[in-house]
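As numbered in our numbering, residues 867 to 1086 make up the sequence shown, in order.
Note that beta-carbon positions come from the ideal geometry of N, C-alpha and C, so glycine has one too.
What follows is a short report on a single structure.
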Amino acid sequence: MGRLLNIVTPLHKKTKRDYVGRMTDNKIECMQVAKKYGQEYWDGDRRYGYGGYKYDGRWEAVARKLIETYRLPDDAKILDVGCGKGFLLYEFKKLLPNCSITGFDISEYGLKNAKEDIKEHLFPYKAQDVYPFGNNTFDLVISITTLHNLHLFELKTAVKEIERVGKNKYIVVEGYRNEDELFNLECWALTCESFFKPQEWIWLFNEFSYTGDYEFIYFE
Ligand SMILES: C[S@@+](CC[C@H](N)C(=O)[O-])C[C@H]1O[C@@H](n2cnc3c(N)ncnc32)[C@H](O)[C@@H]1O
């Protein structure tokens, strides 16, 4: 079984969130819009998602930590499942110019609005489908805050595929440890389908024979 890491959490904690404000702002309609993962989700009003996901360099520290944690070589092969606009892959490419990056996402808008320099390495695909790669193709497979957007019955293939195509793997999902965090998560989440405690995620990872690392982000 993998390790519990603490790499994305410091970034996640930097954002201030008005939980009750979101819950009382026509949230049902906002969830319906967000789940299309279109322009509104990425670059529309904050009530639909990111509220304008422009790149500000915040993923550099995460890429550095992952390179160090997995001792990635200069020519590492990296896959990002649910890469969104590909900001983390962009940072990997800057830090390891000879690495080979691949990313996919369900959001055509996200991919279209990725950084020009890395767009050619991204393609539309669903995390819950069988991946078009051989066993152990990648030195590292990452999936950051994507898999909780899948239903339980979709998680099985997604987790097993990440396990199959990567030598190392790192999954980050939303979770909750107590009633306060469940309340906050339910207020904040627009696209989440799988609301689990860390013990439940770990049970599920074991159930699907996942041996990689993981991290949970909480809404404290
Ligand atoms: C919170 S965003 C994270 C994006 C990116 N990993 C990042 O950290 O910037 C969640 C991502 O999951 C993607 N997503 C949601 N459901 C998906 C699915 N079934 N297959 C692939 N990607 C999915 C969304 O389009 C979005 O890019």
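Taking just the CA atoms, how far does residue 1012 sit from residue 1062?
-> 14 angstroms
By C-beta, the residues closer than 6 angstroms to any heavy atom of ligand 1, given in chain order = 903, 948, 949, 950, 953, 971, 972, 973, 976, 992, 993, 994, 1010, 1011, 1012, 1015, 1016
Measure from the C-beta of residue 1043 to each C-beta in chain D and report whether the shortest distance is under 7 angstroms.
-> The displayed structure is made up of one protein chain only, and chain D is not part of it.
Any contact of the stretch 992-1006 with the stretch 937-954, i.e. 3+ C-beta pairs under 8 angstroms?
-> Yes: the two stretches touch, three or more of their Cβ pairs being nearer than 8 angstroms.
Enumerate, from N- to C-terminal direction, the unbroken beta strand (DSSP E) stretches of 3 or more residues contained entirely within the stretch 985-1070.
-> 988-990, 1004-1010, 1032-1040
Could you spell out where the alpha helix (DSSP H) holding residue 1080 opens and where it closes?
-> Premise fails: residue 1080 lies in the beta strand (DSSP E), 1079-1083, not in any alpha helix (DSSP H).
What's the C-alpha gap between residue 1046 and residue 1068?
-> When rounded, the separation of the alpha-carbon atoms in residue 1046 and residue 1068 is 21 angstroms.
Residues in its own chain within less than 7 angstroms of residue 1015 by CB, not counting five upstream and five downstream?
-> 1057, 1058, 1059
Is residue 947 helix, strand or coil when you go by DSSP?
-> Of the three classes helix, strand and coil, the one that applies to residue 947 here is strand, per DSSP.
Anyone know if the C-beta pair for residue 885 and residue 1044 falls short of 7 angstroms?
-> no
Residue 880 to residue 1001 span [Cα, whole Å] | One C-alpha to the other measures close to 37 angstroms.
Unbroken beta strand (DSSP E) run spanning residue 971, endpoints | 966-971
Consult DSSP for residue 871 and reduce its assignment to one of helix, strand or coil.
-> Correct three-state label for residue 871: coil.
Take the Cβ of residue 1081 as the centre, count every other Cβ of all protein chains shown within 10 Å, and call the residue buried at 16 or more, exposed below.
-> By the neighbour-count rule (16 or more Cβ atoms within 10 Å), residue 1081 is buried.
Coil, strand or helix - residue 892 by DSSP | coil
Between the CA atoms of residue 1083 and residue 878 - distance to the nearest angstrom = Spanning the two alpha carbons is a distance of roughly 7 angstroms.
Whole-angstrom distance between residue 951 and residue 920, CA atom to CA atom | 9 angstroms
Closest Cα partner of residue 1065 within the set 1074, 1055, 1042 | Nearest C-alpha to residue 1065 among 1074, 1055, 1042: 1042.
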